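A.B. asks:
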Amino acid sequence: MNATAESRESIEPTGTRPPQLRAARVRRQSVIKFVILFVTLAFLFVPLISMLVFTLRHPLSGRWSLAPWVAIFTGNGESLGADLTVLWQGLGASLALCAVTVVLMLLLMVPTMVIVHIRSKALERAIEWVATLPLTIPAIVLVVGLGPIYRWLSSSLLNTNPIWLCFAYVVLVMPFAFRAIAVGLNSIDVKTLVEASRSLGASWPKVFFRVIIPNLWQSILSASFISIAVVLGEYTVASLLGRMNLQVALYQLGQSNSQISTAMSLLALLFGVVLLVALDLISERVAKSKEGK
Amino acid sequence: MTASIAQNGPVATKGAGPSATSASSAIARHRKELGTFAVTIPFFAYTACFLLAPTVIVVVGAFQTRDGGFTLANFAKLFEANTVSAFVTSIVVSIASSVIGAVVGGLASYALVIGAKPNGLLRRMVSAISSVLAQFGGVMLAFAFIATIGINGIGTMLIKTVTGLTVNPNWLSSLSGLVTVYCYFQIPLMIIIFLPAVDSIRPQWREACESLGGNTVQYWTRVALPILAPRFISAFLLLFASAFSAYATAAALFSQRSILVPLMIQGAMRNEMDPNQQGFAQVLAFAMIVVVAIVMLLSHAVEKRAGRWQ
Amino acid sequence: MSLAEHNVTAPKADEDAFKNDPTASLDGIRPKDVTAAAKALLKDSTTRGGGIQMQDVVKIYPGATKRALDDFNLDIKPGEMVVLLGGSGCGKSTALRSLAGLEDIQGGRILVGGQDVTGVPVNKREMAMVFQAYSLFPHMTAVENVEFGLEVRGVGRDERRKIAMEQLELVGLADQATKYTQQMSGGQQQRVALARALAIKPRVLLLDEPLSALDAKVRVQLRDEIRRIQLNTGTTTVFVTHDQEEALAVADRIGVMNHGRIEQIAAPQNLYQRPATEYVATFIGLTNRLPGVSNGEEAVVFGQRVPLLPNSKKGDLVAVLVRPENLTLKRTGETDSKVGEHARVEVIHFLGAVARVDCEISTGEYQHWNKGEQLKVTVQLPANELPAGLAVGDDVVVAPRPVAALAC
Chain X
4 MNATAESRES IEPTGTRPPQ LRAARVRRQS VIKFVILFVT LAFLFVPLIS MLVFTLRHPL
64 SGRWSLAPWV AIFTGNGESL GADLTVLWQG LGASLALCAV TVVLMLLLMV PTMVIVHIRS
124 KALERAIEWV ATLPLTIPAI VLVVGLGPIY RWLSSSLLNT NPIWLCFAYV VLVMPFAFRA
184 IAVGLNSIDV KTLVEASRSL GASWPKVFFR VIIPNLWQSI LSASFISIAV VLGEYTVASL
244 LGRMNLQVAL YQLGQSNSQI STAMSLLALL FGVVLLVALD LISERVAKSK EGK
Chain C
3 MTASIAQNGP VATKGAGPSA TSASSAIARH RKELGTFAVT IPFFAYTACF LLAPTVIVVV
63 GAFQTRDGGF TLANFAKLFE ANTVSAFVTS IVVSIASSVI GAVVGGLASY ALVIGAKPNG
123 LLRRMVSAIS SVLAQFGGVM LAFAFIATIG INGIGTMLIK TVTGLTVNPN WLSSLSGLVT
183 VYCYFQIPLM IIIFLPAVDS IRPQWREACE SLGGNTVQYW TRVALPILAP RFISAFLLLF
243 ASAFSAYATA AALFSQRSIL VPLMIQGAMR NEMDPNQQGF AQVLAFAMIV VVAIVMLLSH
303 AVEKRAGRWQ
Chain B
32 MSLAEHNVTA PKADEDAFKN DPTASLDGIR PKDVTAAAKA LLKDSTTRGG GIQMQDVVKI
92 YPGATKRALD DFNLDIKPGE MVVLLGGSGC GKSTALRSLA GLEDIQGGRI LVGGQDVTGV
152 PVNKREMAMV FQAYSLFPHM TAVENVEFGL EVRGVGRDER RKIAMEQLEL VGLADQATKY
212 TQQMSGGQQQ RVALARALAI KPRVLLLDEP LSALDAKVRV QLRDEIRRIQ LNTGTTTVFV
272 THDQEEALAV ADRIGVMNHG RIEQIAAPQN LYQRPATEYV ATFIGLTNRL PGVSNGEEAV
332 VFGQRVPLLP NSKKGDLVAV LVRPENLTLK RTGETDSKVG EHARVEVIHF LGAVARVDCE
392 ISTGEYQHWN KGEQLKVTVQ LPANELPAGL AVGDDVVVAP RPVAALAC
């Protein structure tokens, strides 16, 4: 620190400094930037901080305690007079839904997108159009139409287990997953890879699993992460179809013990942020490996 | 499933050897195209069941009588006073929160990009938090606002102890309360949509503008804002669609009051057995599709116009 | 044809530009009398703009521990084209940006046409810059881009359209005027950028590596065009590049930069034939570092007396920098001269008019000079002086010609 200051001093010219117009502008700019960011971040963080304080301070008695957090991490809400079974049911359903949705999504999207990417531009555009369609059809609209379908499914084919929500969830995550995988496909030259490995005598399954998947794994991972985030946050479809998941459980628990549901929400939001930071790091690596080529 | 897909390739290409006659190679090409199409069947079949079918059910249901005949009568309910007022509230809240969200989020994107490292820690954290709040918050955002400004909220208590004023417990369900809550996911949504647009602003443009004699005002009005305008408008439209179709946050905040269109749909779905409510949910959903489709077409038109130079 | 037209209309356009220039009398930068003098100068001379003096300029980037410009001095005559040449990080772009006002300087001063512009903001300096790439406004057509500088000066719509079209014609793009710049090739984009810079009749034209993002062929074409236009308009120009060939082709004078200073500034030919420092000699063109004995006036290299340039070092063992074309090569046995060293041919590059021969000196005497390896030299001969039938592995004698060289 001192050394830097000294060496800086020694390279500074003596005499008066000419006007530092650019530096003055940079200073003005950073004041404006700071004000904007401070106000925005304050607006975004005040509710989050309030959530944290809310979980620590009992709303009626005003006593400070870690009880809601203890309840969540020990799984026992008796000290607060809350029954946590609903929460664990919802969490379990949501975690299972994450897994099943991701698997189903990958099975449906990856092979189709790879083959179409190699073979047919027209079909690729058609798939892009269909896959991004759920962005323009609100979930609340979709659920109106899904109602009869799910009624029929649960009465004649399957049952009312929340796991079957995965069929609807695959549609909800499709636009996000499509984009993540498309980025990966466009960053590698799939066609040449396939031709090269086919010319070396590899069979199609081998090409797919040994060549394409390893080159796409970062995109597949980011598609999976974003799908998990969507499924964990989903409320509309589950609640209107009368199925249990994490968000429905949080809502129900919130009616009886808002402290625990707020604490759990905070955890879920935090988990979402962690997932998305990981996603950000992965996509940065994809971008870097693309630059390398 | 994967195995059957994988086998389509070699089967289809076998006929296309150099010795094949033109007729058989045409057949081979045809078979190859069919093969490619066959691969996409699971995808299209799936989306037909869970995306197309629900949409068709909504549209058909909107025009259907109880016993399956065609009718326009269901639409009459759209013009009842409480339905109209739900649409007005939904649209007003969506526009107001989109305007605030677009302006504040746009400014925040600018502040995050200009003069900062492209992969700085602050930017990374803000975009991750924004993604979560904008896209996956739902019910949890409602808890955030109850914890802040609800009856027992921390903000409510602070305001009471500091100023002695009592916050109206119904403020959250007032128009301004709703707009505030919606801004909580609109601003982050704008940040994640608009960051790439601000990234595309090159520092050379400002330097070129200055060296040609332009001042700061001229830079903004003649260069930066016109370049950003198309993407700003299409981001605004996307924000509108997002607010208009948002359900979870509002549903968690006031479950019993149908003051917004999505909440009204919820009510209609719950009362589907009521003969008075025949096709009502479908009509509302159909109207929502129309509104969102118009917004998307507008956004598409704006992007196409900008496409002339982009 | 179009050039002649441009010359005829140029003085009139100047006068109008000054009339419409709101800055002309607003601030102290250009007092009325100076403006009048400048106008008079413009009327009877093709030379426009002023000379430039950068005096003891110091630039230190925030947080840096080294000066990017270290008491930088540069003196440019009106109408001159000076190229700043150097490797990356030598400070050439910093010098240009400081001149433009895009960087603050921490010491020294900058004068244009005799006036101190050190405290004048970029947009009042009346200089125009062409950047490496991406500087055109994407939402404007080519002609709107060219009009921009005139528009911010308040020139009327018809007037500025006329001037802009003239400028586009000057760079050969009049037929592309209504295209958006994204639809143009890199070379065309840089032409538009040049037209845009020239349209405001800048006192100084600044070119910051304008060609380095382009293909080799376009680069040569555009560089010759830049020089032609510069000579025609007589605009004082500073051109920054890392490409020595580009510099040699366009410059009136080249300033070779190193460590934030100009090592030598001279006409291209002088710089090549009479380098002042080892850095300059090795940066421009090829050179052989040959061991020699020097008394400061003359040196002996391979038994041959070689006159030395000013600034040469004295000593029993110095490096004498000899250009490949200042070496001779004869087949062993075809020469009875006492001077020269025996060498073996390693590679022959036949380049048309000339041939370049890489040789390895046969004696091990110079190994200490070349890190323990045999000394290698490159000889360049006119093709007709190349010994007939010379092949790889042949024994030859290499000797310097008595042409002035630098010892260091």
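Residue numbers (the numbering used here), protein chains in the order written: chain X, 4 to 296; chain C, 3 to 312; chain B, 32 to 439. The C-beta atom is built at its ideal place from N, Cα and C for all residues, glycine as well. Note that the structure is a prediction, hence the values are computed from the model and not measured.
With a cut-off of 8 Å, do at least 3 Cβ pairs link the stretch 205 to 223 of chain X to the stretch 132 to 144 of chain X?
C.D. replies: With a cut-off of 8 Å, the stretch 132 to 144 of chain X and the stretch 205 to 223 of chain X do not count as touching, because too few Cβ pairs lie within range.
A.B. asks: Anything in the stretch 216 to 240 of chain C with a Cβ closer than 7 Å to a Cβ of chain B? List those residues in chain order, please.
C.D. replies: Of all residues in the stretch 216 to 240 of chain C, G216, N217, Q220, V225, P228, I229 have a Cβ within less than 7 Å of some Cβ in chain B.
A.B. asks: If the cut is a Cβ gap below 9 Å, which residues of chain X does C/Q284 touch?
C.D. replies: Along the second sequence, one-based indexing puts residue 284 of chain C at 282. Correct list: V147, G148.
A.B. asks: Where are the alpha helix (DSSP H) runs, 4 residues long or more, that stay fully inside the stretch 138 to 197 of chain B, in chain order?
C.D. replies: Taking only runs of at least 4 residues, the alpha helix (DSSP H) segments lying wholly in the stretch 138 to 197 of chain B are 173 to 183.
A.B. asks: State the DSSP-derived secondary structure class of C/V164, mapped to helix, strand or coil.
C.D. replies: For the purposes of this step, residue 164 of chain C is identified with residue 162 of the second sequence, where counting begins at 1. Here C/V164 sits in helix by DSSP.
A.B. asks: Looking at B/L358: is its Cβ nearer than 8 Å to the Cβ of B/V324?
C.D. replies: What you label residue 358 of chain B is simply residue 327 of the third sequence in a count that begins at 1. What you label residue 324 of chain B is simply residue 293 of the third sequence in a count that begins at 1. In this structure, B/V324 does not lie closer than 8 Å to B/L358 by Cβ.
A.B. asks: Just to check my reading of the structure: B/Q221 and B/P241 have Cβ atoms closer than 8 Å, yes? What is that Cβ distance to the nearest angstrom?
C.D. replies: The residue given as residue 221 of chain B occupies position 190 in the third sequence. The residue given as residue 241 of chain B occupies position 210 in the third sequence. Indeed, because the Cβ distance is near 6 Å, the residues count as touching under 8 Å.
A.B. asks: For C/M275, is the classification buried or exposed, using 16 other Cβ atoms within 10 angstroms of its Cβ as the cut-off for buried?
C.D. replies: The residue you call residue 275 of chain C lines up with position 273 of the second sequence. That one is exposed.
A.B. asks: Return the chain-ordered list of same chain residues with a C-beta closer than 6 Å to the C-beta of B/A278, the five sequence neighbours on each side being excluded.
C.D. replies: The sequence position of residue 278 of chain B within the third sequence is 247, counting from 1. Once the five neighbours on either side are set aside, the close Cβ partners of B/A278 are V114, L116, T272, I285.
A.B. asks: Anything in chain C within Cβ reach of X/G257, meaning under 7 Å, just list it in chain order.
C.D. replies: What you label residue 257 of chain X is simply residue 254 of the first sequence in a count that begins at 1. Within 7 Å Cβ-Cβ: F145.
A.B. asks: Shorter than 8 Å from the beta carbon of C/S213 to some beta carbon of chain B?
C.D. replies: Numbered from its first residue, the second sequence carries residue 213 of chain C at position 211. Yes - at least one Cβ of chain B is within 8 Å of the one on C/S213.
A.B. asks: Kindly indicate the opening and closing residues of the alpha helix (DSSP H) around B/Q86.
C.D. replies: Start at 1 with the first residue of the third sequence, and residue 86 of chain B comes out as number 55. Premise fails: B/Q86 lies in the beta strand (DSSP E), 83 to 90, not in any alpha helix (DSSP H).
A.B. asks: Give the range of the alpha helix (DSSP H) segment to which X/H120 is assigned.
C.D. replies: Walking along the first sequence from the start, residue 120 of chain X turns up at place 117. 88 to 122 is the span of the alpha helix (DSSP H), which, as asked, contains X/H120.
A.B. asks: At the 8 Å Cβ level, is X/I223 part of the contact set with chain C, yes or no?
C.D. replies: Counting from 1 along the first sequence, the entry for residue 223 of chain X is found at position 220. So no, X/I223 is outside the interface.
A.B. asks: Give the residues of chain C in contact with B/R184, contact being defined as C-beta atoms less than 8 Å apart.
C.D. replies: The sequence position of residue 184 of chain B within the third sequence is 153, counting from 1. Neighbours of B/R184 on chain C, chain order: G215.
A.B. asks: What are the start and end residues of the alpha helix (DSSP H) that includes C/H302?
C.D. replies: Here residue 302 of chain C refers to the residue found at position 300 when the second sequence is read from its first residue. It spans 282 to 308 - the alpha helix (DSSP H) in which C/H302 sits, taken as one unbroken run.
A.B. asks: Considering only the beta carbon of each residue, do B/V202 and B/T212 sit closer than 8 Å?
C.D. replies: Position 171 of the third sequence, counted from the first residue, corresponds to residue 202 of chain B. Position 181 of the third sequence, counted from the first residue, corresponds to residue 212 of chain B. It is not a contact, given that the beta carbons lie outside the stated cut-off.
A.B. asks: Per DSSP, B/T359 forms a beta bridge with which residues?
C.D. replies: Numbered from 1 along the third sequence, position 328 holds the residue referred to as residue 359 of chain B. B/A430.
A.B. asks: What separation, rounded to the nearest whole angstrom, lies between the Cα atoms of X/L47 and C/L135?
C.D. replies: Taking the first sequence and counting its residues from 1, one reaches residue 47 of chain X at position 44. Taking the second sequence and counting its residues from 1, one reaches residue 135 of chain C at position 133. X/L47 and C/L135: Cα-Cα distance of roughly 9 Å.
A.B. asks: Once the 5 residues before and after X/L270 are set aside, which same chain residues still bring their CB inside 8 Å of it?
C.D. replies: As a position in the first sequence, residue 270 of chain X is number 267, starting the count at 1. So the qualifying residues of the chain are I75.
A.B. asks: Determine, for C/A130, whether the minimum Cβ-Cβ distance to residues of chain B falls below 8 Å.
C.D. replies: Residue numbering aside, residue 130 of chain C sits at position 128 when the second sequence is read from its first letter. Output row for C/A130: interface = no.
A.B. asks: So which residues on chain B does C/A303 lean against when the C-beta distance must stay under 8 Å?
C.D. replies: The residue you call residue 303 of chain C lines up with position 301 of the second sequence. Under the 8 Å cutoff, chain B gives no residues; its nearest Cβ is about 17 Å from C/A303.
A.B. asks: Please confirm whether B/S166 has its beta-carbon closer than 8 Å to some beta-carbon of chain D.
C.D. replies: Note that chain D does not occur in the displayed structure, where the protein chains are X, C and B.
A.B. asks: Residues of chain B with a CB under 9 Å from the CB of X/L24: which are they?
C.D. replies: The residue given as residue 24 of chain X occupies position 21 in the first sequence. In chain order: G132, D135, G150, V151, P152, V153.
A.B. asks: When burial is assigned at 16 or more other CB atoms within 10 Å of the CB, is B/A419 buried or exposed?
C.D. replies: Residue numbering aside, residue 419 of chain B sits at position 388 when the third sequence is read from its first letter. B/A419 is exposed by the Cβ-count criterion.
A.B. asks: Please confirm if C/E82 has its CB atom under 8 Å from at least one CB of chain B.
C.D. replies: For the purposes of this step, residue 82 of chain C is taken as the residue at position 80 of the second sequence. Closer than 8 Å: no.
A.B. asks: Nearest to B/G364 by alpha carbon, out of B/P306, B/N301, B/V428?
C.D. replies: As a working note, residue 364 of chain B is residue 333 in the third sequence. The shortest C-alpha separation from B/G364 is found at B/V428.
A.B. asks: Mind listing, in chain order, the continuous alpha helix (DSSP H) runs of no fewer than 4 residues lying wholly within the stretch 235 to 308 of chain B?
C.D. replies: Those alpha helix (DSSP H) runs which fall completely within the stretch 235 to 308 of chain B and span 4+ residues are 247 to 264, 275 to 281, 299 to 304.
A.B. asks: By DSSP's criteria, B/Y211 is part of a beta bridge. Which residues make up the other side?
C.D. replies: As a first step, residue 211 of chain B must be located in the third sequence, where it is residue number 180. Its beta-bridge partners are B/T172.
A.B. asks: Checking the sheet assignment: what are the DSSP bridge partners for B/V329?
C.D. replies: Reading the third sequence from its first residue, position 298 is the one you call residue 329 of chain B. The sequence shown places Glu at residue 329 of chain B, rather than the Val named in the question. DSSP output for B/E329 lists B/P338 as bridge partner(s).
A.B. asks: Using three-state DSSP, classify B/K123 as helix, strand or coil.
C.D. replies: In the third sequence, counting from the first residue as 1, residue 123 of chain B sits at position 92. Three-state DSSP puts B/K123 in a helix.
A.B. asks: Just verifying my parser: in three-state terms, what is the DSSP assignment at B/T409?
C.D. replies: In the third sequence, counting from the first residue as 1, residue 409 of chain B sits at position 378. Note: B/T409 maps to strand in three-state DSSP.
A.B. asks: How should C/R208 be labelled, buried or exposed, when 16 other C-beta atoms within 10 angstroms of its C-beta is the threshold for buried?
C.D. replies: For the purposes of this step, residue 208 of chain C is identified with residue 206 of the second sequence, where counting begins at 1. Buried, because 16 or more other Cβ atoms sit within 10 Å of the Cβ of C/R208.
A.B. asks: Going along chain X in order, which residues have a C-beta closer than 7 Å to the C-beta of C/G140?
C.D. replies: Translated into the one-based positions of the second sequence, residue 140 of chain C becomes position 138. Here the neighbours are G236, Y238, Q250.
A.B. asks: Given B/I257, which residues of its chain have a CB within under 6 Å of its CB, disregarding the five upstream and five downstream residues?
C.D. replies: Your numbering for residue 257 of chain B matches position 226 in the third sequence. For B/I257, where only same-chain residues beyond five positions count, there are no Cβ hits under 6 Å.
A.B. asks: Look at the Cβ atom of B/A374, then the Cβ atom of B/E391, and state whether they are nearer than 8 Å.
C.D. replies: As a first step, residue 374 of chain B must be located in the third sequence, where it is residue number 343. As a first step, residue 391 of chain B must be located in the third sequence, where it is residue number 360. Yes, the pair counts as a contact, with Cβ atoms nearer than the cut-off.
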